[in-house]
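Q: Provided herewith is a single structure, encoded as structure tokens, for subsequent inquiry.
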């Protein structure tokens, strides 16, 4: 099963609320479990160049099922996989991409956020994940 349209809407809405609360316009991408875009929002005033970064964060997290920052361990100087970040059309290896798992722990997609400092991107992505965990996996009428 992949992330639903309703779940993508819940995630986007929560991310927009958090970005608004911290005063940083963001680009927010939701990808499905096949690393295909499900939803995208570029908030008014968000950096145009960050749109691609948000999308690649979501794609990276969907492809590998890890938070994007976890992949840095492989590509850092002295890491086991130099150049790994240049595979799959380019991967993002810093925070702001988080995989989405259903209530049974299965990967169903990912969230990617960009537009602020890396810690802000992560904060906004985490708000989306929290909103999904709080009710986004319940059956909808």
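Residue numbers (UniProt numbering): 1 to 141.
For each residue, glycine too, the CB sits at the ideal point set by N, CA and C.
1. Could you check the C-alpha separation between residue 52 and residue 104 for me, to the nearest Å?
2. Tell me which residue opens and which closes the alpha helix (DSSP H) that residue 133 is part of.
3. Three Cβ pairs or more, each shorter than 8 Å: is that satisfied between the stretch 73-93 and the stretch 116-136?
4. What did DSSP end up calling residue 32 once you bin it into helix, strand or coil?
5. Which first and last residues belong to the alpha helix (DSSP H) in which residue 142 is found?
6. Just how far apart, CA to CA, sit residue 134 and residue 127?
7. Helix, strand or coil for residue 22, going by three-state DSSP, please let me know.
8. Among residues of its own chain, excluding the 5 on either side of residue 99, which ones have a beta-carbon nearer than 6 Å to its beta-carbon?
9. Assuming residue 131 and residue 10 form a contact by the criterion Cβ under 8 Å, report the distance between their Cβ atoms to the nearest whole angstrom.
10. Residue range of the beta strand (DSSP E) that residue 39 falls in?
11. According to DSSP, is residue 92 part of a helix, a strand, or is it coil?
12. For residue 98, which beta-bridge partners are listed by DSSP?
13. Residue 56 by DSSP, collapsed to three states: which one?
14. Alpha carbon to alpha carbon, how far is residue 79 from residue 36? Give it in angstroms, no decimals.
15. If you draw a straight line from the C-alpha of residue 69 to the C-alpha of residue 17, how long is it?
A: Taking the definition as stated:
1. The residue given as residue 52 occupies position 52 in the chain shown. The residue given as residue 104 occupies position 104 in the chain shown. Spanning the two alpha carbons is a distance of roughly 30 Å.
2. On the chain shown, residue 133 is found 133 positions in, with the first residue counted as 1. Per DSSP, residue 133 belongs to no alpha helix (DSSP H) and is neither H nor E.
3. no
4. What you label residue 32 is simply residue 32 of the chain shown in a count that begins at 1. Looking at residue 32 - three-state DSSP - the assignment turns out to be strand.
5. What the structure shows of the chain is the stretch from 1 to 141, and residue 142 is not part of that stretch, so it cannot be assessed.
6. Within the chain shown, numbered from 1, the residue matching residue 134 stands at position 134. Within the chain shown, numbered from 1, the residue matching residue 127 stands at position 127. So the alpha carbons of these two residues sit roughly 10 Å apart.
7. By 1-based counting over the chain shown, the position of residue 22 is 22. Note: residue 22 maps to helix in three-state DSSP.
8. Along the chain shown, one-based indexing puts residue 99 at 99. 61, 65, 107 and 110, listed in sequence order.
9. The count along the chain shown starts at 1 and reaches residue 131 at position 131. The count along the chain shown starts at 1 and reaches residue 10 at position 10. That pair is a contact at about 5 Å.
10. Looking up residue 39 in the chain shown gives position 39. Residue 39 -> beta strand (DSSP E) spans 37-42.
11. Residue mapping note: residue 92 aligns to position 92 of the chain shown, counting from 1. Note: residue 92 maps to coil in three-state DSSP.
12. Reading the chain shown from its first residue, position 98 is the one you call residue 98. The partner list for residue 98 (beta bridge, DSSP) reads 111.
13. For the purposes of this step, residue 56 is taken as the residue at position 56 of the chain shown. Helix, per DSSP.
14. Counted from its first residue, the chain shown places residue 36 at position 36. Counted from its first residue, the chain shown places residue 79 at position 79. Computed Cα separation, rounded: 29 Å.
15. Counting from one through the chain shown, the residue named residue 69 turns up at place 69. Counting from one through the chain shown, the residue named residue 17 turns up at place 17. Distance between the alpha carbons of residue 69 and residue 17: 23 Å.
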